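According to my numbering, the stretch in the sequence shown is residues 1298 to 1382, in order.
See below for the structure under consideration.
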Amino acid sequence: MSVFRSDGALDVQDATGTGAEADVALNLATGNIRLSILWTQEMQLTPEDAEQVAQALQRAAAESRTMAAGSKPESPATSQRPSDA
């Protein structure tokens, strides 16, 4: 099993027809985000595809922040003395 989970909603290919693809994946162990360009070193995107990549990165960033917030130790509860009556 891979430690990376790709964004299944992302379906972007090179605008010039080279077959290159973009992939955004979240590292489930570290929370780091991987942006890969598959099959080449660079690719050209249409404006719509560029927006898809940006949205995939934003989704990954939000999920990474949620993971990080869930792994932080909780602060000790503040003890309150009963009020004197």
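All C-beta atoms, glycine included, are put in the ideal place defined by N, C-alpha and C.
Just so it is clear, the structure is predicted and the values come from calculations on it, not from any experiment.
Asked                                                                    : Found
Where the alpha helix (DSSP H) containing A1279 begins and where it ends : Lying before the first or after the last residue shown, residue 1279 is absent from the chain, which here runs from 1298 to 1382.
Anticipated Cβ contact below 8 Å, A1312 with D1346, distance rounded     : 7 Å
DSSP state of L1307 mapped onto helix, strand, coil                      : coil
Range of the contiguous beta strand (DSSP E) that encloses S1361         : Unbroken run through S1361 is the alpha helix (DSSP H), 1344–1368; no beta strand (DSSP E).
Rounded separation between Q1349 and Q1310 - CA only                     : 11 Å
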